[in-house]
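Reading through the structure tokens given below for one structure.
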Amino acid sequence: MRHIQIALTKGRLEKAVLPFLEGIGIDCSELKEKGRKLVFHSKNTNISFILVKAVDVLTYVEHGVADIGIVGKDVIMENEKEIYEMVDLGIGRCRFCVASIPSYDPSSYKKKTIATKYPNVASAYFRQKGEDVEIIKIEGSVEIAPILGLADAIVDIVETGVTLRENGLIIFEEMHDISARLIANKASLKMKKDEMFAVIEKMEEYIGNRV
Ligand SMILES: Nc1ncnc2c1ncn2[C@@H]1O[C@H](COP(=O)(O)OP(=O)(O)OP(=O)(O)O)[C@@H](O)[C@H]1O
Ligand SMILES: O=P(O)(O)OC[C@H]1O[C@H](OP(=O)(O)OP(=O)(O)O)[C@H](O)[C@@H]1O
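In our numbering, the protein residues as written are 12 to 222.
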């Protein structure tokens, strides 16, 4: 069996993905006791893992350093990369929304300023609506932008809605559902076909049995 490298997104998705890996029979004991390590080996398969930032999952998979990646649809949409999206894992569920303070008027003809961590997603969304907006890239805590007058509205991820509520913002438009996806390197799918599809098919079966 050829070696398979899987790139996992560090942070929020890290724990959520463990039951999926264990559910398809991959030993994750090293990953569970990780400390500060970033590379892990499964004891019962020829699979190893690397733990990297979301956008770097795409980069490692695009370049074939990782054969498989687990990453949010938000990150896939924001960054155009040459990868195959194979399976919707149904975890890390949230959605892209346009939100702002209650006095925001989405139908105003005035040119709007939109603050976001996702400039490509935001500009594509307003472009398909035929609206010319100014995008301001923010790295986090985006909810502050309309409160302080930096932007008219934000494009951001909403999960529970608590962050919006606690900052006095409301949703004006629901844009796109998001969840974690299993992605694959194009060449690996050909070169390591059997090993890759063994993982992909087991994952699909595991998800099918969960619902
Ligand atoms: N409430 C949420 N906020 C942000 N991301 C979420 C949420 N719920 C699910 N996700 C998913 O989890 C992924 C990882 O989110 P996380 O917050 O760990 O990373 P990040 O925001 O990209 O990184 P960092 O906080 O280090 O900048 C997101 O890309 C998204 O797909
Ligand atoms: O609807 P909720 O459940 O409240 O979740 C949404 C919040 O979570 C994310 O932020 P994150 O925690 O990643 O921090 P950030 O603001 O630094 O991006 C997102 O940007 C929202 O702020």
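All C-beta atoms, glycine included, are put in the ideal place defined by N, C-alpha and C.
Here A110 is not near V68, since their CB atoms are 8 Å or more apart.
For L24, same chain residues with a beta-carbon under 6 Å away, outside a window of 5 residues either side, are G103, A191 in chain order.
DSSP lists F60 as the bridge partner or partners of F51. Under the 8 Å Cβ criterion, the region 71 to 90 does not count as touching the region 171 to 186, having fewer than three qualifying pairs. Here Y120 is exposed, its C-beta having fewer than 16 other C-beta atoms within 10 Å.
Note that the C-beta distance between T174 and E154 is below 8 Å. Residue burial annotation: V50 is exposed, with fewer than 16 other C-beta atoms found within 10 angstroms of its C-beta. Runs of the alpha helix (DSSP H) lying entirely within the region 106 to 193, each at least 4 residues long, are 130 to 139, 155 to 159, 173 to 177 in chain order.
Around the beta carbon of P157, 16 or more other beta carbons lie within 10 angstroms, which makes this residue buried.
Proximity of the beta carbon of I168 to ligand 1 is indicated: a heavy atom of the ligand is located closer than 7 Å. A residue is called buried once 16 or more other Cβ atoms fall within 10 Å of its Cβ, and V76, having fewer, is exposed. Every beta strand (DSSP E) of 3 residues or more that sits fully in the region 68 to 92 is shown, in chain order, as 79 to 83.
Under the DSSP definition of a beta bridge, Y95 partners with A195. Taken from the Cβ of L24, at least one heavy atom of ligand 1 lies inside 7 Å. When the beta-carbon positions are compared, V98 and M214 come within less than 8 Å of each other.
DSSP, read as helix, strand or coil, puts I218 in helix.
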